[in-house]
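Chains as they are written, first to last, in the numbering used here: chain H, 4 to 447; chain U, 4 to 447. Ideal placement from N, C-alpha and C gives every residue a C-beta, glycine not left out.
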């Protein structure tokens, strides 16, 4: 089983203080082993606000990781919207509601005009699952093309197109993997080869689906041949599905959507995580003809999907993104972070490529940049040490990529310059410490 | 495509008043045809409380249909719990949280001791999808047995075991259908035949999954041969999954769970709709060994699943079920309803079998009970007229079953004796009207 970095290892339970250990033991018994915890020393939070979380002892943590509370933990406008709507009415979409129409029209207005229809779900997994159903229905195809370390969700169907899950969740026979768009990779060539392989096996392509920031592949903001790849899939009868669950809602600092940065218009778009700032709401948006055909032929009703409270949460979240100019903030503070990370790289040989857009930045850690460039060996061990070291300094971070060596800088969007400087200082110190520790270890 | 009763037909848009029509048109454009509306005259609610909903003109409706707001629309304790937790902290399960453990232990305590572990999702569909993944992983089998008009959800995998969806969503080749436990049906015989057919086709059974009140099949509280059916599946290497999304959390008036009424202990239990009184939370509970094995081999993380706000909603909902003695209320008011419905049947020849437990009652409408008993022809047309007639009288109801002729009486659990009497009176009047109308039509 592929293991992302920095999970707590239950075998180390005896290293924990008594009360943490008691919680960890209860958790293992009640929730089972799927419920993995972050960090060598798991952390328990009791309060959150903006870009900060607090533990039971009142210690403040800087959140450089969580993209779900996108407009900030417990944003008062989102909280008030949820509370007010829950106290008033929460039903389902088989009664008329005006709020869902107002919000839908507003949200669709942020996408290219071709994408005119929306269907609501509760999670990104459900959105991906529905998007694939729509694409297969529209095309008559079954083949799906994804990147080699893609993650799109956890339903049976979507786990089968998520090679990053690894292990027994190996991808389905109708899935083809293409290399992520790393430096020097021609994305279109990979996609054309995948199409040819599908067709050689008698499988008609239904869709190319990509996370437009390629988060689980290691964060790739630039994609050579993206437009040609999309054109090739369409020429083969398939659709282009943009998975905007991670990049969407302004995180990349250049507009609302990741696909916008590439000048592309998808056939289907999925959104999730940040949509309701933590409230379970997600959606599929598509060219009307696809949703029309699907809705005519297939019965689909999502009990909680698009209910008034979910819509109120999404409405307030979108309002805050605009009113607090969070896209501009993502652009500006993201640029400041990139500059600071580049400065850090100049004094830390283990820092490799730094890639990102807005407030989604990947920082590669490598064995020894100077010695082995350009194909520096991934340094998962150091990434693990840095993520755990930062946690001890009360800064929350994680790592991603097929080798778990890419630090994932992905804070709530109201991340300030002061937050950025605090993070950069702690990262610099942690890298110094972790590098010294590994040198000492090596010398012993 | 199988069509449940009483949906609005968009072809009749011109019969609507101008403002309703404007909403219906916007809705068709923005949400597409999957978003079907209830009733000939769709209704727009602006407020809910307890067993009542109000439209924009201030008219009060009695809710005899909605099982999701199980402890009553906008219950103040649930609303307060959501508001308070949302204002404090809403993260995910990779940090330690005590609330999720307290709630999980409490909830698991209401199930047989063998079922000791829980995993959280956001919807019943996700829960069913995860339950099947666990069952297939545990057994090595792929075959699934469901009832002939079963509905278990809308992910790709779960739609494939939901024959009630009909049309292009026909069941997968690894699915076998068995007759619902109507009077005279030996449920075990059907399941044994399904097992034999799977095995004859080289498909190893993974699970028998049933909604323990058989809601979409037409509501069947008594099941001849249920225990033998479960034993047969286990003997063939499969598991018994109880889908408690509809019957669970006390609706049947005889304890928390539908399977309890049959003296059975499932291997896996799925819960959803009423769990958080409308907040998107659902779960899979299972014998620990199955979740242990799955969690060891398969990566599964549900971003919103079991987050602190969802848990707070579920916590408050369960507290209200107990503190307001809603299971007793379901039993007592349910019995009162059954008696009242029986009285109504004595003066309406079109009322056939009345089946139910607690506040889940199915009322068959038939062509002419006197003439053709015991196999009275289902009367979908009358059911449609009754559901729409009740809506005009501001009483919300629906119909189910393979022939859409079973009135589904399934109100929020705080349904009072006064609510019951109001419903019974309106149903009696509506039946009289609808029968007279159909007689007049027939005479013309």
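Nearest candidate by alpha-carbon position, reference residue i, set the options
i                      : options                       : result
residue 226 of chain H : H/236, H/213 and H/238        : H/213
residue 21 of chain H  : H/40, H/37, H/45 and H/35     : H/45
residue 123 of chain H : U/231, U/38, U/398 and U/290  : U/38
residue 125 of chain U : U/360, U/252, U/95 and U/182  : U/95
residue 287 of chain H : H/177, H/189, H/275 and H/425 : H/275
residue 406 of chain H : H/380, H/398, H/425 and H/389 : H/380
residue 247 of chain H : H/33, H/82 and H/114          : H/114
residue 284 of chain U : H/174, H/229, H/307 and H/203 : H/307
residue 343 of chain U : U/320, U/384 and U/422        : U/422
residue 136 of chain H : H/43, H/402, H/315 and H/210  : H/210
residue 27 of chain U  : H/160, H/231 and H/97         : H/97
residue 301 of chain H : H/141, H/79 and H/281         : H/141
residue 354 of chain H : H/389, H/318 and H/328        : H/389
residue 279 of chain H : H/356, H/77 and H/90          : H/77
residue 121 of chain U : U/441, U/291, U/347 and U/408 : U/291
residue 147 of chain U : U/299, U/183 and U/194        : U/194
residue 254 of chain H : H/207, H/330, H/269 and H/72  : H/330
residue 190 of chain U : U/178, U/74, U/215 and U/107  : U/215
residue 240 of chain U : U/192, U/200, U/85 and U/143  : U/143
residue 385 of chain U : U/398, U/322, U/395 and U/368 : U/368
residue 176 of chain U : U/184, U/50 and U/162         : U/162
Rounded separation between residue i and residue j - CA only
i                      : j                      : result
residue 25 of chain U  : residue 427 of chain U : 34 Å
residue 272 of chain U : residue 387 of chain H : 37 Å
residue 303 of chain U : residue 294 of chain U : 11 Å
residue 310 of chain U : residue 93 of chain U  : 6 Å
residue 128 of chain H : residue 392 of chain U : 39 Å
residue 375 of chain H : residue 181 of chain H : With a pLDDT of 48 at residue 375 of chain H, under the threshold of 50, the predicted position of this residue should be treated as unreliable, and no value is reported.
residue 23 of chain U  : residue 13 of chain U  : 12 Å
residue 242 of chain H : residue 188 of chain U : 47 Å
residue 435 of chain H : residue 297 of chain U : 39 Å
residue 9 of chain H   : residue 410 of chain H : 11 Å
residue 400 of chain H : residue 62 of chain H  : 17 Å
residue 134 of chain H : residue 341 of chain U : 44 Å
residue 324 of chain H : residue 15 of chain U  : 40 Å
residue 424 of chain H : residue 316 of chain H : 31 Å
residue 81 of chain U  : residue 383 of chain H : 44 Å
residue 420 of chain H : residue 79 of chain H  : 22 Å
residue 208 of chain U : residue 36 of chain H  : 26 Å
residue 233 of chain U : residue 68 of chain U  : 31 Å
residue 119 of chain U : residue 31 of chain H  : 11 Å
residue 71 of chain U  : residue 89 of chain H  : 13 Å
residue 431 of chain H : residue 438 of chain H : 11 Å
residue 230 of chain H : residue 166 of chain U : 40 Å
residue 152 of chain U : residue 408 of chain U : 13 Å
residue 150 of chain U : residue 198 of chain H : 39 Å
residue 412 of chain H : residue 17 of chain U  : 54 Å
residue 221 of chain U : residue 157 of chain H : 32 Å
Bridge-paired residues (DSSP) for residue i
i                      : result
residue 381 of chain H : H/369
residue 3 of chain H   : This structure leaves residue 3 of chain H out entirely; chain H is present only between 4 and 447.
residue 179 of chain U : U/148
residue 354 of chain U : U/368
residue 360 of chain U : U/363
residue 48 of chain U  : U/58
residue 412 of chain H : H/364
residue 66 of chain U  : U/399
residue 465 of chain U : Only positions 4 to 447 of chain U appear in the structure, and residue 465 of chain U is not among them; the question remains open.
residue 41 of chain H  : H/10
Test: residue i CB closer than 8 Å to a CB of chain B
i                      : result
residue 391 of chain U : Considering every chain present, this structure includes no chain B. Its protein chains are H and U.
> What are the start and end residues of each continuous alpha helix (DSSP H) run of 4 or more residues lying completely inside the segment 112–162 of chain U, in chain order?
Replying inline: 127–142 and 159–162
>> If we require 3 or more residues per run, which beta strand (DSSP E) segments fall completely within the segment 203–268 of chain U?
In response: 208–214 and 242–246
>> Extract the residue ranges of the alpha helix (DSSP H) inside the segment 269–322 of chain U, only unbroken runs of 4 or more that lie entirely within it.
In response: 291–300
> Quick check: the segment 247–259 of chain H against the segment 49–58 of chain H, are there 3 or more CB pairs under 8 Å?
Replying inline: With fewer than three CB-CB distances shorter than 8 Å, the segment 247–259 of chain H does not count as touching the segment 49–58 of chain H.
>> Below 8 Å, how does it come out for the segment 255–266 of chain U and the segment 353–363 of chain U: are there three or more Cβ pairs, yes or no?
In response: yes
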